[in-house]
Structure formats: structure tokens, C-alpha cells
């Protein structure tokens, strides 16, 4: 059991105070604007991705590199996980080998509870099942703060498969804690009433919103969705037509990979109001801030 | 659209002038002879290999390391390509994450056209479908120039599956531009009349040639070829018997991996006239020259 | 053929004298206690793992990093091995590319004989079929020496699938050369009479032994073993009940990954007499000592 007053783990934004979240956002923006980062020469870290990923994994790799860390190569497909080793034993092994922090994506929701109890090194959650994806949430928030300075009083629509998205629920919670009004849209059968937000049809929602967060249609989860896909764009997607009714100062976010022509019209991915590629850029800085905190959980100062 | 007078992309030798090609060869030989390379401390590059490779991939990795670059790990098998992300969006993502150049092998011939239009970072083609393999062509040329000083007036036979090889056609073109006479040999049904070179039976060809370029029998492409393999060596391969009729100053090249006992007798792979392992050595220096140019397309000076 | 008086290869403890083995153990313990290592700035090494592994591979990676080496990424699953290239040609290729040492795990027992003849760079065996696993043996010995100072006169029981384990036979040999008494236990049908050690039933064996080496039940090798597994723990495993009869100064070793509840009761993996996670820690230092020797086979001094 770890007993630090401030945990060095980063597993869910629910566990951070509003102040801590805003400090992370501020630090990420400072790093983006060229402030020197702390350095971690030869601190060894490992990235354990049990689900496919380009963006999140490469983004963490880049953040680790910029912080001067050594990344121990680890591939789940060629590891002893194939011999039936448990996640806990794999992580304890890496700790014994001298790895000083773990970034983990795993299909099991809440996989990190047992690890936090049994390991002394920080766990950074890069996505757990249908649970959380807190580094994605942080980069989303960072992108909003970068544009608006704050989100108090802003209206955010989250549109898409709210029921299966691991970002939707935790984003809705944190956005409300930070003062935003959150609404949901997309296919009514994918809406999740337990989230405590109002459902608003897409055509109304886009006219009310300062921030339009599109979720990915996860084709790998919806076998029956082939026919839906054909109609999704017209019914619930950000079409060229709907774009004309979006507020001029509003911004469009998407966690990517984008299904061009489904969630959003192909031509709008690079629209001036789209922040989709800016989100990717910001993700590297958000993860640098997260990693700095993992190694210096109690520090408040900037670069040493 | 990029508008630099000299492109920093390296996708095909067809796009380079004879002068540019000879400058690259000269630079690669300088690097081999110990001239210091330019340094690219912490320039980040990614290698995207959508087809299996040992030599080309490891050779680029080694060249990148010698130039002081940071290589972002990227595995196609565990990336979001598995979720259906397009090559273009994957590359735009990596660019957004801060990757400063991409080395790509992809099964689609000419995959790089769209990337060159949409990305601002240099693309280095490590093989496109049945198209080009320009870094292999450059190391082949470098190996010839190293031995002969030039190739003007030399006769080069390319022997094997000319129709499916991605090196054959582009090599034939560039060799002719550099002044060589190029002939083709191997199974007549694998010869490609559209290449504009003469077909010469192998027993004549080896007596005429200064440079014998053997192509790999790509068993993965020829399902029906199992019976052919048994007879290939006797009919078209470089047997011990044929070796006795090769000119004493001639050299033997093969892009590898070699099928020992098919394209060439096992004992001849390490023959004094074989440059097969020297090609691999040279490949690292050829790729260092290519990478230097990618980052400094307009520079003509040597090491800074 | 290499002709150095002392080989720089490390393929089997059988080939090392007792003096050489004890020097390696001593060096590994020195490194663990903080003595500076030799440095190998930018020496390039490659790890070729043709069988799954977490511990051994990551342990070598960590050792290489701590020695300042550059590790060339190599994945067997995406290499030209998939095109049928032989191990020898793959290794000769890597040597030609400038790789200066190879760490190899391969399913073929004794794969290294041909490589040692044909390559000039050192080969470090990370496991060959049912043959040897000498870096694991060395870390086992290091862990024993760390606790007892020596193993002369100690009794060691090796318990489990002696017939298929690649550590059992070579460990039995080297333990006897270093002065220990070695006995075997576990399922009688898995005992191997040709090893020249006595079979002792587990309940007697644990009372006699200073060192209890548990072997992994390799479920991937025993299809018929599903029913055996259910009874293995009670019949041959280190149960809570048997633990009470283990000598208070005795230690428990296991090469891992552990099948918790089969070879050893779940609660005993982290028992104070268990050295299982300490073995993993020690492995990094054992491999640093092995790598130092590979590059400086004739040197006897410590850090330069």
C-alpha cells in the first residue's frame, strides 16, 4: 500500500481535484509554449498496450523521449502473457527488472486497482476497457482551455456511442466539475441515461454548443452496424450542411482515428474550426505533464 | 503542395538527375570511408513497414542511429491501421505528434503520391508494391561504383523474375541513364518486354557481363513455382559450372534474402566475386546519405 | 573459426571453468552492489527471440541499456525469417549491417554451433530448445551465492519436469561441479534417469534441501496435463503445509513465469524465504556481467 499524500498514479480524472486537473492543463500548455521540462535521464519506463493503438502509444513514446526517459521495449504479443502470465505478475516482473513506471492499456475495466495495491511504481492508465482514458480526457480539456481560456459556462455536446465509449462518461463528469454544461447526442439507442446529461437531437445540439465532441463509431464493436453506418452520417454525423449551422467560434473535437464520411464529412476533418490534429499535438504535451507528475507527485514548481 | 526547388522526399530514382544520383553515391562512399556524418540529435523519425523485412528495416534503423536520430517505435501489426485507419491519416497523425520524417514500405504501388501532397515532412520510400525500391537501387549502384569507379560502358545482366521485381525496372532505367548496357535473363515467361532491354539466355549473358544482378525467386508470389524451383537452379541459376565462365573481374549482386541453391549455388554466396554481404554493409551508408539529403535537400556541402 | 584463447561467446556453462563461472558471479554481485560497469557507448547489439519471453528479453534489454549499448530493434515476426531466410543468413546480415553481438533464443537445440563457426561476433545464448539457458543458470547461482557465499556441500532439489526443462540438466551439472549435492523430485514420469542424480519424493526432499528449485509446469508442452494440473499442487507442489517443513534457512527459487497454485501456493510466491523476485533483479546484473565478458573476453580487471 502506498501512503504518499498525493498518489503518483494517474488512472482516472475522478481521483484528481479540480485544482490538480487545472494545474496539469496549465503545465501542458507551458510545455507546449516552450518551457523546459523536467529531465528524467535514464529513468526507465515501459508501455504495455494490450489493445491496438497508434496515437496514444506513439504519443506516450514521444512524451517519454522528450523527457529524456529510457523506454524498455515490451510487446504483449511476444511476451510471457502468451504463456498465461497474469498482468500483475508481468508488472511485478518489470518492477523487479528496474522499470520505474508503467503506462498500461488493458481491456479489463479497472485493471489498475490490484496493481496500485501491489506495486510501488506509478501506474499511468492509457485506457481500461469501457472505463477511463484519462490522458485523452486531459488533452481534450487542454485543447478547450487553449482556445477559450476556461470552460465555465460553455456548452459541450458529446455525440455518438456514449454507451460504449470510455471517454464519454468520464469526460461528462469532469466537464461538469469544471463548470461546463454537457449534453448528449447521436443514435438514441446508443445514449446512456445513467450519465446524468440531457439528450438533444443533433440538429439542435450543434446550434447550442461551443464544443462539439464527436465519438468514433467503433465498427469493431458493432457487427450489426453495417447498415447503420450508411445512414449514420446523414442522421447523426457532422455533415457539410450541419457545419453551416455550427457557431463560428465553436470547435470540433474527435479522439481519432476518424471514420471520414461517417462521424464527420471528409472535408471537415481539416476545417479551420476542427481541432482534431491539434488534439494530437497537444496529447504529447499533456502526457509530458502527466509523466512529470508521476515522478514528482508532490512538487508544484516547474522545471528543475 | 511543397514548393521547394529540390524535394526532400526520396521516393524514386526516376525523379533524381544523374548528377544528384552520383552525388548520393559519392556521399555514401565518403561516409563508408569514415567521413563524419551530419548529426541530427533528437530528430525523430518513424519506420512504417507494412511488409516483412529484415535487411531494409534494420539497415534504416542502423543508419538513423548513426546519424543520432531518435526512432519512434511503430509496429503496423499493433497500430490503429488494424482499426481501418488509412495510411494517410496514420502519417498525418505521426506528423502531428512531432515525427519529422517517415520511412515507409507499403504494398500499394505509388502509395506515396497522396502523402507527398498532404504532408510537409519528407517521405522516404523503402519499397512500394511492384513499383520502386530506390534505397536498394542506390546501394546496388554504390557497390558497382565502389568496384569500378563508374558504370559507363559496363554490361549488366538482371536475371530472374523481372516481371514482379520492384528493383528490376527501376534499376534497368537508372543503369541506362548512367551509361550501362542492360540485358535481361532468366525464365522467358518471367521476362518483361516492356522494359526495353534485350533478353539473353543465361549461358551467354554471364560471359558478356561485368555485373550479374540476380533477383530473388519470390516463392511467396509463385504458388505454382514449386516444381519450377527444382529446375530453376540448373536452368537459370548461377551454378558452380556457370561460375567458371564468369569474367574474372565481374561481380555478383543479389538483393537478398538469398535462396541458396536456387538463384545461386550455396558455395558461391561467399565467393570472392560476390558482393552480396558488401551490399548489406553499403546499404547502411547509402541510407545515411539518403537521410542526410532528406533533412538538407538543398545543401551540397559535406559534414557541418 | 575463431581462435581467441578465451571465447567471447556465451552459449553454455559447460564450456566455462569453475573459475570463470565464479568470476562471473562475483562480477554480477559487484555490479549489484554499485560498482561501475564498463561502458560500451554505441556498441550495437540485437536481441533475436524466436520464442516468447518477457523476463529474459526485458532483462537483457535492461542490461544492455545500463551498459550504454544501442539495441537494434529486431522482431522475428516481421522479419525476413517469414520469407524463409535461415537463421545463419539472418545473423550474417545483421553482422554485415554492423551489429556487434547477438543475443538469441531459438527453438532448435544447439542452434549456435553453426553460428559460432561462421560469425566473428559473439553469440549469447538466451535459450536453445531443450538445451541450455545459461544466463538463467548464472542468475540462479548468483542468487545462491548471494545468500550462502558458496554452495559447496549444500543440497539442492530440482523439482518438476526435469525431462523437458532446459535449465534442469545444465543446472544439475554446474551445481555438482561447484560442490553441491543435487537431487530430483516431482512426477516420477517426468524424472530423467540419464541426469545422474537421485530421485527423492517431494516430502523428503524439502526437508533435506538448502535450495529448492521449482520448475515451471509447461502447460504449452503437456496437452494431456490438464488433469495432472489439478493434482500437481497437492502431489508435487510447494503447498502451505510442505512449507512448514522447509528448513528455516533454505531458499526457494523458480525461473518464472510462476503458475500460482500449481508449482507453489499463491501465498508463498512472496514468502520471506522465496527469492523468486530477487532472481529477476539479479538477472539484470548477471547479464551485464555476461555482456561485459562478451566484449572483453580476456580481461580480468573491473571497470575501466
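Protein chains in written order, with the UniProt record's numbering: chain P, 1 to 304; chain A, 1 to 304; chain H, 1 to 304. Built from N, CA and C at the ideal position, the CB exists for glycine as well. The structure displayed is predicted, hence computed values, not measured ones.
Kindly indicate which residue of 30/H, 173/H, 166/H and 86/H has the alpha-carbon position closest to the one of residue 215/H.
The count along the third chain starts at 1 and reaches residue 215/H at position 215. Of 30/H, 173/H, 166/H and 86/H, the residue nearest in Cα terms is 166/H.
Could you tell me which chain P residues have their CB closer than 7 Å to the CB of residue 114/A, listed as they occur along the chain?
In the second chain, counting from the first residue as 1, residue 114/A sits at position 114. Neighbours of residue 114/A on chain P: none; closest Cβ ~13 Å, over 7 Å.
Just to confirm my understanding: we take residue 107/H, look at its own chain, exclude 5 residues before and 5 after, and list those with CB closer than 7 Å. What are they?
Locating residue 107/H in the third chain gives position 107, counting from the first residue. These residues qualify, in order along the chain: 50, 51 and 129.
Out of 81/H, 109/H, 72/H and 118/H, which one is the CA nearest neighbour of residue 98/H?
Counting from one through the third chain, the residue named residue 98/H turns up at place 98. Ranking 81/H, 109/H, 72/H and 118/H by Cα distance to residue 98/H puts 72/H first.
CB residue 205/P to CB residue 240/P, shorter than 8 Å?
Within the first chain, residue 205/P is the residue found at index 205, counting from 1. Within the first chain, residue 240/P is the residue found at index 240, counting from 1. No, the pair does not count as a contact, with Cβ atoms beyond the cut-off.
Identify whether residue 213/A lies in helix, strand or coil by the three-state DSSP scheme.
By 1-based counting over the second chain, the position of residue 213/A is 213. If DSSP states are grouped into helix, strand and coil, residue 213/A belongs with the strands.
I need the DSSP call for residue 314/H, collapsed to helix, strand or coil.
Given that chain H is displayed from residue 1 to residue 304, the structure contains no residue 314/H and the question cannot be resolved.
Please list, in chain order, the chain P residues whose beta carbon lies closer than 9 Å to that of residue 42/H.
Reading the third chain from its first residue, position 42 is the one you call residue 42/H. Result: empty, since nearest Cβ-Cβ is about 15 Å, beyond 9 Å.
Can you give, in chain order, each stretch of the alpha helix (DSSP H) that sits fully within the region 32-72 of chain A and has at least 4 residues?
Listed in chain order, they are 55-66.
Rounded to whole angstroms, what's the CA-CA distance from residue 127/A to residue 134/A? Just pull it up for me.
Working through the second chain from its first residue, we reach residue 127/A at position 127. Working through the second chain from its first residue, we reach residue 134/A at position 134. Each residue's Cα considered, the two are about 7 Å apart.
Is residue 96/A close to chain P, meaning its C-beta is less than 8 Å from at least one C-beta of that chain?
Here residue 96/A corresponds to residue number 96 of the second chain, with the count starting at 1. Chain P, which has a Cβ nearer than 8 Å to the Cβ of residue 96/A, makes this yes.
Chain P partners of residue 256/H, CB-CB under 9 Å?
Reading the third chain from its first residue, position 256 is the one you call residue 256/H. Under the 9 Å cutoff, chain P gives 80, 85, 89 and 93.
Run down chain P in chain order and give the residues with a C-beta less than 8 Å from the C-beta of residue 74/A.
Taking the first residue of the second chain as 1, we reach residue 74/A at position 74. By Cβ distance, chain P contributes 54 and 58.
Taking residue 124/H and residue 10/H to be in contact with their CB atoms under 8 Å, please state how far apart those CB atoms are, rounded to whole angstroms.
On the third chain, position 124 is the one that residue 124/H refers to. On the third chain, position 10 is the one that residue 10/H refers to. That pair is a contact at about 5 Å.
Name, please, each residue of chain P whose Cβ falls closer than 9 Å to the Cβ of residue 106/A.
For the purposes of this step, residue 106/A is identified with residue 106 of the second chain, where counting begins at 1. Chain P residues near residue 106/A: none, gap ~15 Å exceeds 9 Å.
Which same chain residues, not among the five before or five after residue 66/A, have their C-beta less than 8 Å away from its C-beta?
As a first step, residue 66/A is located in the second chain; it is residue number 66 there, counting from the start. Contacts found: 37, 284 and 288.
Counting only the same chain and skipping the five closest in sequence on each side, list residues whose C-beta sits under 7 Å from that of residue 232/P.
By one-based count along the first chain, residue 232/P stands at place 232. Excluding positions up to five away in sequence, the list reads 217 and 262.
Taking only the alpha-carbon atoms, compute the straight-line gap between residue 14/P and residue 173/P and give it to the nearest angstrom.
Along the first chain, one-based indexing puts residue 14/P at 14. Along the first chain, one-based indexing puts residue 173/P at 173. Going by the C-alpha atoms only, they are around 8 Å apart.
So if I threshold CB-CB distances at 7 Å, which residues from the region 268-289 of chain A count as touching chain D?
Absent from the structure is chain D; the protein chains it does hold are P, A and H.
Quick check: residue 146/P and residue 24/P, are their CB atoms within less than 8 Å of each other?
Stepping through the first chain from its first residue, residue 146/P is reached at position 146. Stepping through the first chain from its first residue, residue 24/P is reached at position 24. It is not a contact, given that the beta carbons lie outside the stated cut-off.
Looking at chain H, is there any beta carbon in it that lies within less than 8 Å of the beta carbon of residue 152/P?
Walking along the first chain from the start, residue 152/P turns up at place 152. No, no contact with chain H.
The alpha helix (DSSP H) with residue 309/P in it runs from where to where?
Summary: the structure shown does not reach residue 309/P, with chain P confined to residues 1 through 304, and so no result is reported for it.
Mapping the DSSP letters down to three states, classify residue 295/H as helix, strand or coil.
If you number the third chain from 1, residue 295/H lands on position 295. Helix.
Return the chain-ordered list of same chain residues with a C-beta closer than 6 Å to the C-beta of residue 180/A, the five sequence neighbours on each side being excluded.
Reading the second chain from its first residue, position 180 is the one you call residue 180/A. If we look at residue 180/A and ignore the five residues flanking it on each side, its Cβ neighbours are 151, 154 and 156.
Do residue 159/H and residue 121/H come within 8 Å of each other at the CB atom, strictly closer than that value?
Within the third chain, residue 121/H is the residue found at index 121, counting from 1. Within the third chain, residue 159/H is the residue found at index 159, counting from 1. No, they are not a contact pair.
What do you get for residue 86/A, buried or exposed, if any count of 16 or more other CB atoms within 10 angstroms of its CB means buried?
By 1-based counting over the second chain, the position of residue 86/A is 86. Label assigned to residue 86/A: exposed.
Any C-beta of chain P sitting closer than 8 Å to the C-beta of residue 292/H?
Counting from 1 along the third chain, the entry for residue 292/H is found at position 292. It does not; no Cβ of chain P falls within 8 Å.
In three-state DSSP terms, what is residue 96/H?
The residue labelled residue 96/H in the question sits at position 96 within the third chain. Note: residue 96/H maps to helix in three-state DSSP.
Give a single yes or no on whether residue 120/P has its beta carbon closer than 7 Å to a heavy atom of the ligand NAD.
Inclusion of the ligand NAD in the displayed structure is not the case, the ligand content being empty and no account of it being possible.
Does any CB atom of chain H fall closer than 8 Å to the CB of residue 70/P?
In the first chain, the residue the question calls residue 70/P occupies position 70. Chain H contact via Cβ: present.
Where does the unbroken beta strand (DSSP E) through residue 125/A begin, and where does it stop?
As a position in the second chain, residue 125/A is number 125, starting the count at 1. Looking at the DSSP string, the run of the beta strand (DSSP E) that includes residue 125/A is 123-128.
Could you give the residue range of the beta strand (DSSP E) that holds residue 183/P?
Position 183 of the first chain, counting from 1, holds the residue named residue 183/P. It spans 181-185 - the beta strand (DSSP E) in which residue 183/P sits, taken as one unbroken run.
From residue 21/H to residue 178/H, what distance separates their C-alpha atoms?
For the purposes of this step, residue 21/H is taken as the residue at position 21 of the third chain. For the purposes of this step, residue 178/H is taken as the residue at position 178 of the third chain. Rounded to whole angstroms, residue 21/H to residue 178/H spans 9 Å at the Cα level.
Does the Cβ-Cβ distance between residue 162/A and residue 210/A come in under 8 Å?
Position 162 of the second chain, counting from 1, holds the residue named residue 162/A. Position 210 of the second chain, counting from 1, holds the residue named residue 210/A. Cβ atoms of residue 162/A and residue 210/A: not closer than 8 Å.
Against chain H, does residue 3/P count as a neighbour if the rule is that its beta carbon must be under 8 Å from one of theirs?
Here residue 3/P refers to the residue found at position 3 of the first chain. Only weak support exists for where residue 3/P lies, its pLDDT of 41 falling under 50; the value from the coordinates is given anyway. No - not a single Cβ of chain H is within 8 Å of the one on residue 3/P.
Using only alpha-carbon positions, find the residue among 60/H, 26/H and 111/H that is nearest to residue 291/H.
One-based indexing of the third chain puts residue 291/H at position 291. Here the closest residue by C-alpha is 60/H.
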